[in-house]
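Residue numbers (full-length UniProt numbering): 1 to 64.
Idealized CB from N, CA, C, for every residue including glycine.
This structure is a prediction, so every number in the text was calculated from the model and none was measured.
What follows is a short report on a single structure.
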């Protein structure tokens, strides 16, 4: 699984960071989310799926 954030949609709610802090972080400058690695290890896939469902702006997507 690979994941990315649609920067144009992210407004920095931080729900992704709460759901899966091993993958998602927040920028200190503007509060928007960024990912540490787009390749998600299998043991973190559930956390990323939860983050996707938790994002009010639907700014997270899975891609191949």
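Start-to-end residues for the alpha helix (DSSP H) that takes in residue i
i	result
residue 52	45-54
Collapsed DSSP secondary structure at residue i in the structure displayed
i	result
residue 33	strand
residue 18	helix
Same chain, Cβ closer than 8 Å to residue i, five either side skipped, listed in chain order
i	result
residue 25	17, 33, 34, 35, 36
residue 14	26, 31, 33
Contact set for residue i: own chain, Cβ-Cβ below 7 Å, skip 5 residues either direction
i	result
residue 38	2, 3, 4
residue 63	2, 4
Segment limits, beta strand (DSSP E) that includes residue i
i	result
residue 62	60-63
residue 25	24-26
residue 3	2-5
Cβ neighbour criterion (16 or more within 10 Å) applied to residue i
i	result
residue 65	Residue coverage of the chain in this structure runs from 1 to 64, which leaves residue 65 outside it and unanswerable.
Same chain, Cβ closer than 6 Å to residue i, neighbours up to 5 away in sequence not counted
i	result
residue 56	13
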